[in-house]
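Visitor:
Numbering (this note's numbering), first residue to last: 102 to 390.
(1) For residue 151, which residues of its own chain have a beta-carbon under 6 Å away from its beta-carbon, when the five flanking residues on both sides are left out?
(2) In chain order, what are the residue ranges of uninterrupted beta strand (DSSP E) at least 3 long that sit wholly in the region 175-212?
(3) Here's the rule I'm using: 16 or more other beta-carbon atoms within 10 Å means buried, otherwise exposed. How should residue 371 be labelled?
(4) Is it the case that the region 197-212 contacts the region 171-179, given that we only count it when at least three CB pairs across the two stretches are under 8 Å?
(5) Whole angstroms are fine: how far does the CA of residue 186 sit from the CA of residue 354?
(6) By how many angstroms is the C-alpha of residue 303 removed from the C-alpha of residue 315?
(7) If you follow the beta strand (DSSP E) that residue 264 is in, where does it begin and where does it stop?
(8) From this set, 147, 229, 161, which residue's C-alpha is nearest residue 155's C-alpha?
(9) So which of 190, 294, 181, 149 has the shortest CA-CA distance to residue 338?
(10) Between the Cα of residue 180 and those of 296, 214, 130, 284, spot the shortest distance and give me the residue it belongs to.
(11) Are the CB atoms of residue 259 and residue 380 within a distance shorter than 8 Å?
(12) Expressed to the nearest angstrom, what Euclidean distance is found between the alpha-carbon atoms of residue 183 and residue 252?
(13) If we call anything under 8 Å between Cβ atoms a contact, is residue 288 one with residue 241?
(14) Could you have a look at residue 104 and say whether DSSP puts it in helix, strand or coil?
Below you can see the structure in the form of structure tokens.
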């Protein structure tokens, strides 16, 4: 994706009768949230939550049609502005292009929600290397890039927030999904460290660590049929609100649901020689169903 495509989209939005982004989204009485992976699942619900709470939103994902439908819904139901940026975060240049377009239009980002991500299942040695690296790019590198690109402005203003999507997978190794689990462990560790670095700046950092969640993501990858989903599965809207509320309260780590919080606590007490084979069995089960 090239910058001219993003700029063309902005021009298209302006010619459709909307006011300039610099006017609509830099209003002093409304803050703006930039959300990646906003077209479905938890990201979709986070966008709805931010809009419901009175925040303008910049929606980023690959599915332009879904984003435009969501933007229209949010603007119809809430007195906010929604801007769509179709973008592929597996392209290393995308975060910089997003930053450039928003800077050009004088759009401030008060809240950054790094929700985009995907998973690949199977034995690592049999996995396509390009796909594994693409997953690392989306789940980790794009997250770090966007955070670095927008963090300076937040610190200068003395307020802001960053919500990073980790997972309960961040708390343990995951055979048969080795790289995915590792990316989520990175997100959790990075978020906790960054939260400490920014503790006196007015900028909050929260890692949202959901467990099994009923989303298109889970359905697409078949995990909703695994034993993990035979327990207490959470709705994406509940997870999204927990993340939003946690960010606003300045919580560094949010694990929605009593069951998930219990599991993340217990797994720290189980010796890895017992824990890791158990996780593998659960992941094998999800392949078979």
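Yeah, the Cβ is synthetic: ideal placement off N, Cα and C, and Gly gets one too.
Guide: The answer reads as follows:
(1) 134, 158
(2) Counting only runs of at least 3 residues, the region 175-212 fully encloses the following beta strand (DSSP E) elements, listed from N- to C-terminal order: 183-187.
(3) When all chains shown are included, residue 371 counts as exposed.
(4) no
(5) 28 Å
(6) 34 Å
(7) 261-266
(8) 147
(9) 149
(10) 130
(11) no
(12) 21 Å
(13) Contact flag set, yes.
(14) With a pLDDT of only 47 at residue 104, under 50, the local geometry of the prediction cannot be trusted, and no value is derived from it.
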